[in-house]
Amino acid sequence: MDLSLENKKLELIQWLSTLDDTSLIDKLMRLREKEKNDWWNEISAREKESIEKGIQDADNRKLTSHSNVKGIYEKWL
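Here our numbering runs 29 ahead of the position in the sequence shown, where the first position is 1.
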């Protein structure tokens, strides 16, 4: 793991251990809970169906190469 990331974590731990602001602690707890949520549960049924179809197509080797897609859409890129 990146040393600077470790340092940041330690700095946050130290800061949290001295924190007395209840509202800020509550905000941090809500953020933590939000981060735990699975994005799959947040998307629509239509989006889930589209993803599942894409996975099924990939499993069945119904794929288009990157170069073909790039050729189709390059005029918009």
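Built from N, CA and C at the ideal position, the CB exists for glycine as well.
Annotation: the continuous alpha helix (DSSP H) that includes LYS65 extends over 51-65. Taking 8 Å as the cut-off, the Cβ atoms of LEU60 and ILE54 do not count as close.
Secondary structure of THR93 (DSSP, three-state): coil. Per the coordinates, the alpha-carbon of ASN89 lies some 50 Å from the alpha-carbon of LEU45.
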